[in-house]
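What follows is one structure encoded as structure tokens, with my remarks underneath.
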């Protein structure tokens, strides 16, 4: 499992270093597309080979991580917090609905990341007077 995770990490780092410098505007979409491929592979693995739970787990977790990265690449500031919160809610719902503990735990962890990000967004807790 460690070798597969390292392979995915090195693949994404190489892809990021190739695309990001000249095509930042599509990097979020590319990351999301790779995440969708991992998610689709996870569904096929689950359907065709139910005896490989570790492969399914790794592919779903990779798809979740790529979704979170795509959001962080595509948006900044409060928009990132908003979308991470929506993603976390969806992950928690799916994890409870289909009884995948690691998915709803990933959603809870993402909620924590969104809260931490919210604490560091400038003027998150300030109000401006209505004139």
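Numbering (my numbering), first residue to last: 32 to 162. Beta carbons are placed, not taken as given, at the ideal position from N, Cα and C, and that holds for glycine.
Residue 34 versus 83, 89, 142, residue with shortest Cα-Cα distance
If we check each option's Cα against that of residue 34, 89 comes out closest.
Identify, in the order they occur along the chain, each residue of the same chain with its Cβ nearer than 7 Å to the Cβ of residue 38, setting aside the five sequence neighbours on each side.
Closer than 7 Å at Cβ, skipping near neighbours: no residue.
Determine the direct distance from the alpha carbon of residue 157 to that of residue 118, and round the result to whole angstroms.
When rounded, the distance between both Cα atoms is 25 Å.
For residue 54, which three-state DSSP category applies?
Coil.
Assuming residue 116 is part of the alpha helix (DSSP H), what are its boundary residues?
Start and end: 109 to 128.
Which of the three DSSP states is assigned to residue 102 in this structure?
In this structure, residue 102 counts as helix in the three-state DSSP scheme.
How big is the Cα-Cα spacing for residue 50 and residue 100?
Roughly 15 Å separates the two Cα atoms.
What's the C-alpha gap between residue 155 and residue 127?
CA-CA distance, residue 155 to residue 127, rounds to 31 Å.
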